[in-house]
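At position 197 of the sequence shown (counting the first as 1) the number is 179 in the working numbering, and the numbers step up by one without a gap.
Don't be surprised by glycine CBs; every beta carbon is placed ideally from N, CA and C.
What you are looking at is a predicted structure, and each value in this text was computed from that prediction instead of being measured.
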Amino acid sequence: MAVPFADLQLQYQNIKGEIDGAIANVIRDNAFIRGPYVDAFEREFAALAEVKHCVSCANGTDALYLAMAALKVKPGDEVITTAHSWISTAAMISHAGATPVFCDTDGTTFTIDPEAIEAAITPRTVGIIPVHLYGQPADMDAIMAIAERHKLWVIEDCAQAHLARYKGQPIGTFGVAATYSFYPGKNLGAMGDAGAVVTNDAALAEQMTMLARHGGLVKHQHQIEGVNSRLDGLQAAILSAKLPHLAAWTEARQQAAKVYDAGLNQVEDIVVPEAAPDRTHVYHLYTVRHPRRDELVRHLHANGVQTAVNYPTALPFLAAYGRFNHRPEQFPNAFADQGRIVSLPMFAEITPEQQDEVIRLVREF
Ligand SMILES: *Cc1c(COP(=O)(O)O)cnc(C)c1O
């Protein structure tokens, strides 16, 4: 039996009528750039994320840039983030003009270690970007306490964690702003690139909106120099069609995670992902650790099970950050995880038979 890593085609087939109808409406109304479908999605997503303002944009990478540009990050500023994330989180710190400062992860949850944040703060530090990696919230109480003590802003990177909660509070409502990606494979995915940045601060929302739309809210009135980072009408309508299903899809992922946990947690050498008791994990990825990861991956691939490594190189060790000359001892957890993490097939529609096959093959190995 072949088990795909994710199955976007199956998701589409299940709601084909809704998606096809949404696309047809946008074409009928010629509403390709901004317009009513984008406005509607911004309202709907703000309600879902329990925030006042949603500024849609072209992708989750731009969302990070827009938030930092609106906060007026400048050369010489340092922004603290995790050693273990997708490149966007760090790259946008540089593109906004500041310097990324990496912190190690905590060793169990794959999220930033608050103690490492405290140690990384200098007089130049202006903000912290925690990432709710794989769908598990970072330790927001500890992070917000540090931020308040040192008067730093916090931008939450929520690209992998739609609907996750920390002590009952929705992620994305702790910091001054939070960024989302709707890349097709994310828990809420468009059929192309899409993203958003959310906030409860009206002035910040307006600044980010201007930046995303050539620096102005009214055509030909450019208050500042902005960029072109718009959500298009087709993607907005597709996202609005999918949005009502997100809660059920999230529950299905959580259920699938329970099945993996039960099938794998007694297996020698496998460490299943640990969900901290006060955090609602939404399992964008189900990532296990294994000391012989590469051999395990070969065994699974040879038997038709797709896997992924998220990510093969921790941020400090990427060629893009060679200028910092980071050493493994500075980030022991993120460094060790590079060689032992593997993400197993995880999507809302995964069947018990598919999961049994994955579990059987891991046990066989
Ligand atoms: C996907 C992702 C992004 C970037 O989102 P795009 O929409 O692909 O630009 C940023 N941060 C994290 C943690 C991500 O997983």
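Taking 7 Å as the line, does the beta carbon of Tyr165 fall inside it for any heavy atom of ligand 1? It does: the Cβ of Tyr165 is within 7 Å (strictly closer) of some heavy atom of ligand 1.
Say whether the region 124 to 133 touches the region 144 to 155, bearing in mind that this needs 3 or more beta-carbon pairs closer than 8 Å, one atom from each stretch. By the Cβ test, the region 124 to 133 is not in contact with the region 144 to 155, since fewer than three Cβ pairs between them sit closer than 8 Å.
Which residues mark the beginning and the end of the beta strand (DSSP E) in which Pro82 is found? Its beta strand (DSSP E) spans residues 81 to 85.
Just to confirm, does Gly157 get its C-beta within under 7 Å of one of the non-hydrogen atoms of ligand 1? For Gly157, the CB stays at least 7 Å from every heavy atom of ligand 1.
Measuring from the CB of Gln217, is there a heavy atom of ligand 1 at a distance below 7 Å? Gln217 has its Cβ no nearer than 7 Å to any heavy atom of ligand 1.
In chain order, what are the residue ranges of uninterrupted beta strand (DSSP E) at least 3 long that sit wholly in the region 198 to 277? Here the runs fully enclosed are 268 to 271.
Which same chain residues end up closer than 8 Å to Pro57 when comparing Cβ atoms and leaving out the 5 residues on each side of it in sequence? Answer for Pro57: Gly79, Ala80, listed in chain order.
Decide yes or no for the touch test of the region -12 to 6 against the region 113 to 123: beta carbon pairs closer than 8 Å, at least 3 of them. Because the criterion of three Cβ pairs below 8 Å is not met, the region -12 to 6 and the region 113 to 123 do not touch.
Take Pro314 as the anchor and find which of Ala234, Ala51, Met328, Pro298 has the nearest alpha-carbon. It is Pro298 whose Cα lies nearest to the Cα of Pro314.
Residue(s) in a DSSP beta bridge with Trp135: Answer is Gly109, bridged to Trp135.
Test item: CB-CB of Ala178 and Cys39 under 8 Å: Yes, these two residues count as a Cβ contact at 8 Å.
Is the beta carbon of Val8 less than 8 Å from the beta carbon of Pro327? Taking 8 Å as the Cβ cut-off, Val8 and Pro327 do not qualify as a contacting pair.
Nearest by alpha-carbon distance to Ala49: which of Leu186, His272, Thr295, Val287 is it? Residue Leu186 is the option with its Cα nearest to Ala49.
For a test of the three-state rule: what should DSSP assign to Ala160, helix, strand or coil? Collapsing the DSSP output to three states places Ala160 in a strand.
In the DSSP assignment, find the alpha helix (DSSP H) that holds Ser67 and state where it starts and stops. From DSSP, Ser67 is part of no alpha helix (DSSP H); its letter is neither H nor E.
The alpha helix (DSSP H) spanning Gly42 covers which residue range? From DSSP, the alpha helix (DSSP H) with Gly42 extends over 42 to 52.
Out of Asp123, Val108, Met74, Tyr265, which has the shortest C-alpha to C-alpha gap to Ile94? Of the listed residues, the one whose Cα sits closest to Ile94 is Asp123.
Can you determine whether any heavy atom of ligand 1 sits closer than 7 Å to the C-beta of Lys224, and answer yes or no? Set against 7 Å, the gap from the CB of Lys224 to the closest heavy atom of ligand 1 is not smaller.
Our contact map puts Ala13 next to Gly215 with C-beta atoms below 8 Å; I'd like the distance itself, whole angstroms only. With 8 Å as the limit, Ala13 and Gly215 qualify as a contact, their Cβ atoms being about 4 Å apart.
Host beta strand (DSSP E) of Gly177 (start-end): First-last of the beta strand (DSSP E) with Gly177: 177 to 181.
In terms of residues, what are the limits of the alpha helix (DSSP H) holding Val340? Counting along the chain, the alpha helix (DSSP H) containing Val340 begins and ends at 334 to 346.
Identity of the residue in Ala238, Asp175, Asn307, Lys133 nearest Val158 by Cα: Per the Cα distances, Lys133.
With the cut-off set at 8 Å, would you say Pro259 and Tyr268 are in Cβ contact? No, the pair does not count as a contact, with Cβ atoms beyond the cut-off.
At least three beta-carbon pairs within less than 8 Å, the region 71 to 78 to the region 199 to 211: The answer is no - the region 199 to 211 does not touch the region 71 to 78, with fewer than three Cβ pairs under 8 Å.
Quick one: does the C-beta of Val113 sit closer than 7 Å to a heavy atom of ligand 1? Flag set: Cβ of Val113 near ligand 1.
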